[in-house]
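The block underneath contains the structure these notes are about, expressed in structure tokens.
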Amino acid sequence: MRKNNEVVFTPQQEENHEMVGNFRHFKDSIWWPVVKSLPRSTAVLLFPVMLIIGAFAYTRTLDTHRMFSGASSSKSAQSTTPYGTSPFTVSIRKPIAPLNCTAYNLTGTCPTNLQDHQNSPATATCPDYFRWIHEDLRPWARTGITQDMVERAKQTANFRLIILKGRAYLETYSRPYQTRDVFSIWGILQLLRRYPGKIPDLELMFDCEDWPVVLADRYNGPNVEQPPPLFRYCGNDATLDIVFPDWSFWGWAEINIKPWHILLGELKEGTTRIPWLNREPYAYWKGNPAVAQTRQDLIKCNVSENQDWNARLFAQDWFRESQEGFNKSDLPSQCTYRYKVYIEGSAWSVSQKYILSCDSTTLLVKPKYYDFFTRGLIPVHHYWPIKDDDKCRSIKFAVDWGNNHKQRAHQIGKVASDFIQEEVKMDYVYDYMFHLLNSYAKLFRYKPSISANATELCVESMVCEAEGSVKKFMMESLVKVPANTDPCTMPVPFDPPTLYATLQRKESSIQQVESWEKSYWDNQTITS
1 MRKNNEVVFT PQQEENHEMV GNFRHFKDSI WWPVVKSLPR STAVLLFPVM
51 LIIGAFAYTR TLDTHRMFSG ASSSKSAQST TPYGTSPFTV SIRKPIAPLN
101 CTAYNLTGTC PTNLQDHQNS PATATCPDYF RWIHEDLRPW ARTGITQDMV
151 ERAKQTANFR LIILKGRAYL ETYSRPYQTR DVFSIWGILQ LLRRYPGKIP
201 DLELMFDCED WPVVLADRYN GPNVEQPPPL FRYCGNDATL DIVFPDWSFW
251 GWAEINIKPW HILLGELKEG TTRIPWLNRE PYAYWKGNPA VAQTRQDLIK
301 CNVSENQDWN ARLFAQDWFR ESQEGFNKSD LPSQCTYRYK VYIEGSAWSV
351 SQKYILSCDS TTLLVKPKYY DFFTRGLIPV HHYWPIKDDD KCRSIKFAVD
401 WGNNHKQRAH QIGKVASDFI QEEVKMDYVY DYMFHLLNSY AKLFRYKPSI
451 SANATELCVE SMVCEAEGSV KKFMMESLVK VPANTDPCTM PVPFDPPTLY
501 ATLQRKESSI QQVESWEKSY WDNQTITS
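For the sequence shown, the positions run 1 to 528 when UniProt numbering is used.
Here you go:
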């Protein structure tokens, strides 16, 4: 039968599609006596022909059955399959037309091959961190979003993106560092391909720089204007910037970091190379210390002739790496230590998801910023908190504690790795984008239109002109087939008591670790 544009077979029908089942039904047909009476050599030649004719006839019968079952779909939906089992479902998805750079280069016109797609209902609830979408949009929940608010976000934006009837239009103001804007825009185009016809009309301003700039204090009190809605990769407690997945989920071409759906599988394999207990019993970090004072402070915790803080820290020279083919910066090969340090750079760092996915216990230096998923992390459950103003002693205690509580320390690393693999996989990255943009568009108090300087954008206009790693990563992250189910179901917003309890739990966990750490160092002083 056909249900929601899908062909549905019961387990009994599924079994009949197997070769043995087809042969059994063939023996019961009128053709069997004829074949049986023929000479053996003739029968051997004739038998495959009979099977083909029988398969054709069965297909016609199945088509007829589908036609009639469609007329009585409401009745069929209420019926049950034999033995109380669920039907076996085969999804029918129409692939998106392949890229045609030859046609695009001739016309310079984006194709019109994206059509509305009928999905099956969602079966999964979104991860709990999706609830922060409601909080990020709360500043406009009462007033809605006006055109004036959006225009005021232009002051620091790198680009304006407009979506009308499922098509994208871009107005560029300034280029950010490297290809951040390119892959962010590419990611949104893939969202339109994954859920064609399901992203409402909207326009947004996007700032690709590290630091959030919409200060909350400026928009508190009576008689103040509403804040401008500005999208970026991270936020903090003092700002109102709307947090969006960063560009590296589709690839970071300049440092050879692959698209996330590929890298995630490689990281999972990397965690199996050395069992946790067999890894180096130290805290590992590798990165660029020059970008922030806090990282330069971290480097001081490295092992020396006079002191061992249980840390093994390495400065990353990206220029040299690029010259040597990035042979020493392969992320799946860095899961060799029991503990890995995460520390912010000039602001938040994209490295956090790579570190958390390594199955090592993450030692997370107290952050000032968050991205779209990290507000779902819980101290001592997903990571071990490290003091920002006393890093070396804090790391020393964390590693000693972990080596004395190996099972618990490994469990923290395992929970974080599972969280990244299961709740930050690419399906959920797209679903987060989907729900954020849909919730954002519902707040509009005006009808978006194409600005005077905007040009239409499509995958052809981007990939056909791309070269090298940029083109490679675009092709690897290209959505080729629409999703066969609706996005996950959004969890309910926080109510004030639940939000308070969530924040209080995190704070209490950090305070507990600080208490253990204080006792540890007090005992060291007494012993010495």
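Idealized CB from N, CA, C, for every residue including glycine.
These numbers were taken from a predicted model, which means no experiment stands behind them.
Assigned exposure category for residue i - 16 Cβ within 10 Å defines buried
i	result
Glu460	buried
Cys358	buried
Ile257	buried
Glu507	exposed
Arg138	exposed
Leu204	buried
Asn158	buried
Ser349	buried
Tyr83	Residue placement at Tyr83 is poorly supported in this model, since its pLDDT is 35, which falls under 50; the coordinates are not used for a value here.
Arg60	With a pLDDT of only 43 at Arg60, under the threshold of 50, the placement of this residue in the model should not be trusted; the figure read from the coordinates follows. Classification for Arg60: exposed.
Leu230	buried
Asn453	exposed
Ser449	exposed
Ala238	exposed
Trp516	exposed
His405	exposed
Lys340	buried
Ala57	Residue placement at Ala57 cannot be trusted, given a pLDDT of 45 that sits under 50; what the coordinates show is reported in the next sentence. So Ala57 counts as exposed.
Between the CA atoms of residue j and residue i - distance to the nearest angstrom
i	j	result
Glu209	Ile199	25 Å
Ala253	Thr179	8 Å
Leu161	Leu202	8 Å
Pro493	Asn100	43 Å
His382	Phe434	26 Å
Ala290	Leu106	47 Å
Lys300	Met149	45 Å
Gly413	Leu298	21 Å
Arg295	Gln504	28 Å
Met426	Phe473	15 Å
Leu437	Pro379	29 Å
Glu280	Arg338	6 Å
Glu467	Ile133	35 Å
Ser451	Ala153	15 Å
Trp276	Ser333	14 Å
Pro98	Gln307	60 Å
Cys110	Phe419	38 Å
Pro496	Ala483	35 Å
Contact check, residue i vs residue j, beta carbons under 8 Å
i	j	result
Trp250	Phe183	yes
Ser477	Gln190	yes
Cys392	Ala122	no
Thr361	Ile274	no
Leu457	Leu170	yes
Val214	Pro228	yes
Pro212	Val429	no
Asp207	Arg175	no
Leu363	Ala416	no
Asn119	Thr502	no
Lys366	Asn310	no
Tyr369	Gly265	no
One or two residues paired with residue i in a DSSP bridge
i	result
Tyr337	Glu280
Ala315	Gly287
Pro229	According to DSSP, which records beta bridges pairwise, Pro229 is partnered with nothing at all.
Ser120	Thr485
Gly160	The sequence given here places Arg at residue 160; Gly does not occur at that position. Per DSSP, Glu171 and Met205.
Phe444	Ile145
Ile386	Val365
residue 546	As displayed, the chain neither begins before 1 nor continues past 528, which places residue 546 out of reach and without an answer.
Val243	Arg232
Leu192	The partner list for Leu192 (beta bridge, DSSP) is empty, contrary to what the question assumes.
Glu456	Tyr169
Sequence-distant residues of its chain with Cβ nearer than 8 Å to residue i (five each side left out)
i	result
Pro95	Lys480 and Val481
Asn220	none
Glu135	Pro493, Phe494 and Leu499
Lys471	Val463
Ser509	Ile378, Pro379, Val380, His381 and Pro385
Cutoff 6 Å; reference residue i; Cβ partners in own chain excluding five residues on either side
i	result
Phe373	Tyr129 and Val424
Arg312	Tyr282 and Tyr284
Leu331	Tyr354
Gln316	Lys286, Gly287 and Asn288
Trp140	Leu443
Leu240	Pro139, Val214, Ala216 and Pro227
Cut-off 7 Å between Cβ atoms - residues of its own chain near residue i, not counting five sequence neighbours on either side
i	result
Pro491	Thr125, Cys126, Asp128, Phe130 and Arg131
Thr455	Tyr169 and Leu170
Gly166	Leu114, Leu192, Pro196, Gly197 and Ile199
Thr146	Arg445 and Tyr446
Any C-beta of chain C under 8 Å from that of residue i
i	result
His410	You won't find chain C in this structure, because it holds only one protein chain.
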